[in-house]
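Quick mapping for you: the protein sequence lines, in order, are chains A and W.
To convert a position in the first sequence, counted from 1, into the numbering used here, add 2.
To convert a position in the second sequence, counted from 1, into the numbering used here, add 17.
Note that beta-carbon positions come from the ideal geometry of N, C-alpha and C, so glycine has one too.
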Amino acid sequence: MSVRYSLKGDEEDEGYWNQKEKRQNFFDDADDENEIIDWTGTRIEEFTGSQVTSARGTNKNASFTKPSRPVEIANNFPKTGTNKEISSQSEPKPEQPKPTQTSASKSYHKKSASLTIGEKISKPSFILTTSSETVGTKNLSKPTSSSASSLESAVKRDSKLSHTEVSKLYAEVTSLKRKLQSSERSRWDAPKVSDTIIRMVMGEPFSLEMYKSLPDKLTLLDSAIEYHDGNSITAIVLFLKKTLKNSIFISELRKRPVAINHYAVYLRSMGDEEVLASQLQILGRKEEAAMCRYRLTLQESSPQARYQSMKKCTDSYFEGSKILHRETVLLREQCSLLNKQILIEGADSKASRERKPPFADCPKEAELYFLPLITTLYYCCKYHFNQSQSSISSPESLVKEFNMSEKQYVMTAAKACANQRKWADLDTLLAPKKWIMKTKKPTVGFDRIVGILLKAKAPNDILQKYMLMMDDTTKRLETAKKYKIHSVVIETLKQMRDLRGLQNYRTEVTYGSSEDIQLQTLLKNTSIKWKT
Amino acid sequence: MAAISSEGDLDFNQLKVLARDELIRTLESMPDSKDLVIEPKLMKILDRIAGAQLLRNHGASKIFKLELNSPKTDSGQRMYICRPTAENMKVIADHIKSDKQGGKKTSYTVALIPKKMYICEVIMEEEGVYGDVTFEECKLGLIPLDNDILSLELPEFFKSFYLHGDQSWISPIVNSLINLQVIFHKIPNISSQGRCAKMVLEMTKTIENLQGGVLGDPDHQIGHLFLIDREVDMVTPLCTQTTYEGLVDETFGINCGYCEFGKDVTGTDKNIKLLLNYEDDVFEEIRNRHITNVFSFLKAQAQHVQSGYMKGKNITQIGQMKDFVSNELKDLKQQSKSLTIHIGASEKILQQTTNEPDSKEHLQTEHAILEGIGYKDSFSFIEEKLDRQASASKTLRLMCLLSLTSNGLPSKDFKTLQSHFLQSYGYEHLLTLNNLRLCGLFTEQQSTEVSKLSMSDVQKLADKALKRTAFRAICKKWNLIPKDNVQLQNPSDMSYVFSGVYTPLICKLIEQTLMKSPSSTLEEVVKLLPGDNCTFTRTMSAKGKGSGAAKSSSKVVLVYFLGGCTFAEIAALRLLGAMKGYKFMFATTSIMNGNTLIDSMIDNGKGKS
């Protein structure tokens with residue numbers, strides 16, 4: 003429109019005043035290519051914490067458009083190194099000369115001189131613009147007054163103005179004032195979503211308060227998810243939670259599993275599992291919510307209260323769910339175990355107080371509550387081994403109620419017998435009759451029984467007896483040698499018809515002991531066909 | 018930046034110096050003297066880079082552990098150094114509130130390693146102490162644990178990412194990667210495998226784009242980067258490692274390079290804490306050896322030391338004596354001290370395998386599971402182990418291994434092991450099994466009713482069937498389970514780290530990628546691995562073209578494990594490097610083993626979930 007407007011800076015500000023629709027905020031520069039170079043490398047230090055930022059790219063593809071500015075990510079490294087690194091990496095743009103200053107680059111802006119105020123007030127408008135340029139956005143009120151005064155003087159100076167011209171000028175002044183006000187207001191407009199997201203990912207200060215429209219909020223969330231930055235996702239989810247009606251919050255979150263994950267992580271870290279469970283429930287993660295509820299019941303420290311809340315939890319959150327069918331069964335088992343423990347403990351602690359059998363000689367040691375099923379079985383084997391099956395605390399009734407395997411029973415009972423030195427009971431337990439009807443092989447291998455006996459530090463004669471029942475001779479020999487059960491070694495070697503081994507073993511045996519005699523007799527025995 | 022030492026290794030010391038500088042900067046952000054309150058988990062990390070003296074030189078007057086109760090001190094300034102967790106923030110907020118009630122006037126700085134998370138501010142705001150606190154970021158990323166190992170020391174990462182889907186730690190990982198490339202220059206070749214690796218790669222690209230540096234750099238000191246998810250191979254961490262270093266980690270636990278040996282190992286009446294790295298000559302020699310090959314070396318070394326002492330006894334001339342005392346005696350003493358401990362430790366390890374009645378059987382079962390033979394025997398061994406209430410975590414390792422190698426257990430077997438486990442260790446471990454299931458470690462094969470299938474279901478089923486046999490297929494294609502006996506004394510096959518039974522999958526993947534095996538076989542296997550695979554080469558920046566100066570560095574390979582790595586994998590790759598002329602460097606979120614993995618999954622309802 004006029005030559006004067008080719009002045010640098012002037013034009014920039016002119017654009018500023020007039021492109022209200024186009025430029026939504028101060029952070030938002032027009033789109034010219036030169037900026038990339040401007041913002042890259044050379045000016046890195048001015049950027050840290052600076053208010054001036056370039057918004058680049060659209061929300062969706064902000065990451066892959068163009069490099070827009072350096073990042074203080076390598077802040078803890080020597081500045082020089084970082085700068086060198088980045089400047090050497092920056093993409094040269096041969097089609098345009100590299101400008102040395104921001105202002106230089108501005109000259110490439112398209113002229114948009116729609117300002118109709120004309121040459122006559124060009125001076126005030128120049129003052130106005132320069133001051134806003136240098137002082138920055140915060141001090142915009144100052145130029146208003148200065149422009150008003152200088153406008154007046156301009157008007158006075160030119161007394162030859164026609165009435166229409168004056169009124170035109172006044173109209174312009176009002177219009178300028180209005181525009182100034184609106185731009186002051188626009189300080190509180192939301193910056194571009196893409197810009198804010200990048201600030202968040204980079205760990206720079208940001209504010210979400212300005213995003214009032216739902217699409218903006220959702221774009222924020224979706225871009226954070228696209229960037230994979232958990233910290234930003236959490237921040238935005240919490241912002242949505244705070245500013246959206248619950249039903250909208252829930253329905254939007256349900257569409258975004260990653261967001262739910264981060265919301266759950268947040269709630270979990272806040273330690274309020276009650277809230278976590280109920281939120282997961284509404285968010286459609288019923289199974290996860292149910293497990294949370296279950297976890298809560300475990301916080302109950304009194305057995306009766308835990309029993310009640312566990313039962314309630316199973317009924318209301320597990321029962322009926324097809325996916326949680328298996329868990330429901332297991333939870334019911336846990337409930338009945340706790341119930342059983344309450345019953346046994348009630349009877350036994352009474353008996354123990356009154357020093358009645360089986361606690362006549364030794365009072366009960368610990369409470370039974372919350373112990374695992376196998377430990378409970380051990381307890382029953384320890385104190386109630388020979389009770390009839392109808393008795394509530396008999397091991398048999400427990401095995402039956404919980405459908406335990408024979409293996410589980412035999413091993414636990416054997417451990418109880420061994421630890422209490424009840425060898426006769428062990429005998430009956432392991433008597434082959436019990437199994438013969440079902441299977442030919444014993445349920446529990448004798449190597450396991452020997453293992454239990456060894457752990458219980460059983461006396462040698464008992465060890466001997468059961469060791470000899472081990473089927474696997476190699477293993478038997480190995481174990482017997484390791485624990486120095488000589489007679490078993492000798493017997494096994496005999497069974498293996500290993501003359502050499504037997505002869506060698508003589509050194510291990512004390513001269514003149516019963517084992518030595520056993521060995522000597524064997525060596526003299528000519529009826530054995532030794533292996534060669 | 019000259020970061021290559023004479024042998025062509027990368028100089029990780031530079032990282033240590035930078036970490037120290039960052040710590041000093043953080044300390045100095047609060048001028049004058051102040052009390053330090055440090056999260057216990059970070060103590061060892063700070064030890065590795067600084068030590069108490071450095072802290073004191075920069076204004077630390079008293080040093081406390083971060084505990085529930087506020088430290089009793091009158092100092093007017095206090096700095097907290099901790100991870101950015103909600104738990105820590107709540108504790109600190111409580112300290113501040115109780116100090117205020119007590120009328121103490123203190124200014125607080127909270128230094129967060131490695132970055133400030135949003136929840137930190139949220140909690141301080143909610144607790145009403147936001148105004149009392151100055152936040153500071155202490156950007157400690159990768160800590161050099163050894164001359165070839167870097168670690169973020171974030172053992173919680175595996176659980177938080179793979180179980181809870183928490184992506185908060187992606188950004189610190191990305192930053193560590195970018196910082197590495199600032200020091201060692203842009204890495205030209207990058208391969209990734211897995212979903213976390215993909216996220217890290219994408220975020221790195223985003224940031225590099227913003228910084229304007231996506232192009233390759235001719236001065237690069239690392240030729241190839243592998244970003245690999247732990248999830249790609251969960252079998253390896255569950256197997257019992259058989260190298261010395263791996264076994265020391267599984268038996269005694271190595272924490273941030275430090276290992277504490279008990280009285281039974283040291284042979285004295287106190288525990289000894291030893292830094293295990295390349296500076297310990299004896300350890301450096303045996304760390305990668307198969308355990309059966311350790312004792313002979315230690316014996317020879319002990320004799321050598323003894324003869325050294327003998328030499329001292331035979332010296333008659335004063336001058337020689339002086340020489341001996343000033344030169345050799347110190348070395349000898351150092352060596353004999355380290356020898357004592359390593360002999361003690363290897364004895365303890367061997368004892369464990371002989372004394373525990375079924376440890377031999379345990380190992381045999383483990384091997385049978387890997388080889389895919391004798392499923393029934395393995396199953397009943399595990400069942401009996403459960404019924405005997407043997408060590409829960411060891412049994413869980415076998416259970417998970419059985420499930421992983423068969424890509425999920427048949428429904429009946431799954432239920433049996435599930436209920437026996439719960440009956441032996443308590444039903445509340447339903448939470449533990451649930452965690453394991455969610456991480457894919459202990460799963461049930463899905464049974465489907467054939468009659469209700471649609472066409473798309475058939476396709477899905479076929480995919481599932483493919484996945485079901487995935488582990489076996491991969492083993493077969495890449496010969497992960499060697500058919501012949503593997504030399505354990507002078508190993509020439511990576512599988513020696515598991516006594517020649519299994520080659521760690523990730524190591525094989527790296528070998529195949531580097532060796533440029535025919536892309537068809539690589540693709541076939543990669544298809545079966547979890548997550549996406551991505552390989553790309555950076556376009557070189559203009560000035561780099563034509564300069565072939567960086568040739569030696571193209572043999573330097575950085576492997577970044579996301580979710581942790583085992584010493585077995587490190588040993589296997591060290592061997593690969595020695596055989597093929599590569600120099601492997603390792604970065605990881607933490608060093609892990611089967612016990613730490615299983616322990617992190619265990620939840621019996623007590624404490625935090």
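Note to self: Just list the residues that DSSP pairs R95 (chain W) with in beta bridges.
What the structure shows: If you number the second sequence from 1, residue 95 (chain W) lands on position 78. Answer is W:D52 and W:Y125.
Next item on the list: Can you give me the Cβ contacts of T530 (chain W) inside the same chain, cut-off strictly under 8 Å, excluding the 5 residues immediately before and after it?
Entry: Within the second sequence, residue 530 (chain W) is the residue found at index 513, counting from 1. Counting only Cβ-Cβ distances below 8 Å, and skipping sequence neighbours, we find S208, F243, L539 and T552.
Notebook entry, point to check: Are the Cβ atoms of I492 (chain A) and L524 (chain A) separated by less than 8 Å?
Noted result: Counting from one through the first sequence, the residue named residue 492 (chain A) turns up at place 490. Counting from one through the first sequence, the residue named residue 524 (chain A) turns up at place 522. Taking 8 Å as the Cβ cut-off, I492 (chain A) and L524 (chain A) qualify as a contacting pair.
Notebook entry, point to check: In or out: K409 (chain A) buried (at least 16 other Cβ within 10 Å) or exposed?
Noted result: In the first sequence, the residue the question calls residue 409 (chain A) occupies position 407. The residue is buried, with at least 16 neighbouring Cβ atoms inside 10 Å.
Check: Is any beta-carbon of chain W found at less than 8 Å from that of R297 (chain A)?
Finding: To locate residue 297 (chain A), count along the first sequence from 1; it is residue 295. By this cut-off, R297 (chain A) is an interface position.
Check: For G325 (chain W), does the three-state DSSP call read helix, strand or coil?
Finding: As a first step, residue 325 (chain W) is located in the second sequence; it is residue number 308 there, counting from the start. When secondary structure is reduced to three states using DSSP, G325 (chain W) falls in the helix class.
Notebook entry, point to check: In whole angstroms, what is the alpha-carbon distance linking C364 (chain W) and T509 (chain A)?
Noted result: Taking the second sequence and counting its residues from 1, the one referred to as residue 364 (chain W) is at position 347. Taking the first sequence and counting its residues from 1, the one referred to as residue 509 (chain A) is at position 507. In the sequence on display, residue 364 (chain W) carries Glu and not Cys. When rounded, the distance between both Cα atoms is 27 Å.
Note to self: For a test of your reading of the model: does the CB of H75 (chain W) fall under 7 Å from any non-hydrogen atom of the ligand MN? Yes or no.
What the structure shows: Annotation note on the ligand MN: not contained in the displayed structure, which lists no ligands.
Check: Under 8 Å, do L171 (chain W) and L32 (chain W) count as touching if we go by C-beta distance?
Finding: The sequence position of residue 171 (chain W) within the second sequence is 154, counting from 1. The sequence position of residue 32 (chain W) within the second sequence is 15, counting from 1. No, they are not a contact pair.
Check: For chain W, is any of its Cβ atoms less than 8 Å away from the one on V401 (chain A)?
Finding: Residue mapping note: residue 401 (chain A) aligns to position 399 of the first sequence, counting from 1. For V401 (chain A), the answer is no, since every Cβ of chain W falls outside 8 Å of its Cβ.
Checklist line | Members of the stretch 162-174 of chain A near chain W, C-beta cut-off 7 Å | finding: Within the stretch 162-174 of chain A, contact with chain W at the beta-carbon level (separation under 7 Å) is assigned to no residue.
Checklist line | Between the CA atoms of H446 (chain W) and K429 (chain W) - distance to the nearest angstrom | finding: In the second sequence, residue 429 (chain W) corresponds to position 412, counting from 1. In the second sequence, residue 446 (chain W) corresponds to position 429, counting from 1. Roughly 19 Å between the two C-alpha positions.
Check: Are there three or more Cβ pairs, one per stretch, closer than 8 Å when the stretch 291-305 of chain W is compared with the stretch 369-383 of chain W?
Finding: no
Notebook entry, point to check: In whole angstroms, what is the alpha-carbon distance linking A604 (chain W) and K58 (chain W)?
Noted result: As a position in the second sequence, residue 604 (chain W) is number 587, starting the count at 1. As a position in the second sequence, residue 58 (chain W) is number 41, starting the count at 1. Between A604 (chain W) and K58 (chain W), the alpha-carbon positions lie close to 20 Å from each other.
Item checked: Runs of alpha helix (DSSP H) lying entirely within the stretch 350-426 of chain A, each at least 4 residues, in chain order -> 375-386, 397-403 and 408-421
Checklist line | Close Cβ partners of I227 (chain A) (< 8 Å) along its chain, the five nearest in sequence each way excluded | finding: Taking the first sequence and counting its residues from 1, one reaches residue 227 (chain A) at position 225. Closer than 8 Å at the Cβ level, and outside the excluded window around I227 (chain A), lie I235, R258, V260 and A261.
Checklist line | Neighbour flag for I21 (chain W) against chain A, beta carbons, 8 Å | finding: Sequence index remark: in the second sequence, residue 21 (chain W) carries index 4 (1-based). With a pLDDT of 42 at I21 (chain W), under the threshold of 50, the predicted position of this residue should be treated as unreliable, and no value is reported.
Checklist line | Same chain, Cβ closer than 7 Å to S46 (chain W), neighbours up to 5 away in sequence not counted | finding: Along the second sequence, read from residue 1 onward, the residue named residue 46 (chain W) stands at position 29. For S46 (chain W), where only same-chain residues beyond five positions count, the Cβ hits under 7 Å are T126 and E153.
Next item on the list: Classify Q334 (chain W) as helix, strand or coil using the three-state DSSP reduction.
Entry: Taking the first residue of the second sequence as 1, we reach residue 334 (chain W) at position 317. Of the three classes helix, strand and coil, the one that applies to Q334 (chain W) here is coil, per DSSP.
Item checked: 8 Å Cβ cutoff, A77 (chain W) in contact with chain A -> Along the second sequence, one-based indexing puts residue 77 (chain W) at 60. No - not a single Cβ of chain A is within 8 Å of the one on A77 (chain W).
Next item on the list: Grab me the residues of I394 (chain A)'s own chain with a C-beta within less than 7 Å of its C-beta, minus the 5 sequence neighbours each way, in chain order.
Entry: Numbered from 1 along the first sequence, position 392 holds the residue referred to as residue 394 (chain A). Cβ within range, chain order: L345 and I346.
Next item on the list: Mind checking the stretch 522-554 of chain W against chain A and listing, in chain order, the residues whose C-beta falls within less than 8 Å of any C-beta there?
Entry: Result list empty, no residue passes.
Checklist line | Which of helix, strand or coil DSSP assigns to C524 (chain W) | finding: Indexing the second sequence from 1 puts residue 524 (chain W) at position 507. Helix.
Item checked: Rounded Cβ spacing between L356 (chain W) and Q318 (chain W) (contact assumed at less than 8 Å) -> Start at 1 with the first residue of the second sequence, and residue 356 (chain W) comes out as number 339. Start at 1 with the first residue of the second sequence, and residue 318 (chain W) comes out as number 301. Their Cβ separation, rounded to whole angstroms, is 6 Å, which keeps L356 (chain W) and Q318 (chain W) in contact under 8 Å.
Margin query: Determine, for T236 (chain A), whether the minimum Cβ-Cβ distance to residues of chain W falls below 8 Å.
Written below: Taking the first residue of the first sequence as 1, we reach residue 236 (chain A) at position 234. By this cut-off, T236 (chain A) is an interface position.
Checklist line | Bridge partner(s) assigned by DSSP for L339 (chain A) | finding: As a working mapping, residue 339 (chain A) is identified with position 337 in the first sequence. Note: L339 (chain A) sits in no beta bridge, so no partner.
Margin query: Counting C-beta neighbours from all protein chains within 10 Å, is the total for S516 (chain A) 16 or more, i.e. buried, or is it exposed?
Written below: As a position in the first sequence, residue 516 (chain A) is number 514, starting the count at 1. So S516 (chain A) counts as exposed.
Check: E138 (chain W) lies in the alpha helix (DSSP H); which residues open and close that run?
Finding: The residue given as residue 138 (chain W) occupies position 121 in the second sequence. Per DSSP, E138 (chain W) belongs to the alpha helix (DSSP H) from Y135 to E143.
Check: For the stretch 436-458 of chain W, which residues have a beta carbon sitting closer than 8 Å to at least one beta carbon of chain A?
Finding: S436, H437, L439, Q440, S441, Y442, G443, Y444, E445, L447, L448 and N451
Check: Any C-beta of chain W sitting closer than 8 Å to the C-beta of H327 (chain A)?
Finding: Along the first sequence, read from residue 1 onward, the residue named residue 327 (chain A) stands at position 325. Residue contact with chain W for H327 (chain A): absent (no Cβ-Cβ distance below 8 Å to any residue of chain W).
Margin query: Strictly by DSSP, which residues pair up with N550 (chain W)?
Written below: The count along the second sequence starts at 1 and reaches residue 550 (chain W) at position 533. W:Q210.
Check: Can the beta-carbon of Q343 (chain A) be found less than 8 Å from the beta-carbon of M312 (chain A)?
Finding: Within the first sequence, numbered from 1, the residue matching residue 343 (chain A) stands at position 341. Within the first sequence, numbered from 1, the residue matching residue 312 (chain A) stands at position 310. Result no, Cβ atoms of Q343 (chain A) and M312 (chain A) do not sit closer than 8 Å.
Notebook entry, point to check: What residues of chain A sit near V139 (chain W), judged by a beta carbon separation below 8 Å?
Noted result: The residue you call residue 139 (chain W) lines up with position 122 of the second sequence. Going along chain A in sequence order, the residues near V139 (chain W) (Cβ under 8 Å) are L240.
Next item on the list: May I have the straight-line CA-CA distance separating E302 (chain A) from C315 (chain A), to the nearest angstrom?
Entry: Translated into positions along the first sequence, residue 302 (chain A) becomes position 300. Translated into positions along the first sequence, residue 315 (chain A) becomes position 313. Taking the straight line from one Cα to the other gives about 13 Å.
Notebook entry, point to check: For D616 (chain W), is the classification buried or exposed, using 16 other Cβ atoms within 10 angstroms of its Cβ as the cut-off for buried?
Noted result: Here residue 616 (chain W) corresponds to residue number 599 of the second sequence, with the count starting at 1. Exposed, since its Cβ has fewer than 16 Cβ neighbours within 10 Å.
Note to self: What does the Cβ neighbour count give for Y513 (chain A), buried or exposed, with the cut at 16 atoms within 10 Å?
What the structure shows: Taking the first residue of the first sequence as position 1, residue 513 (chain A) is located at position 511. It counts as exposed.
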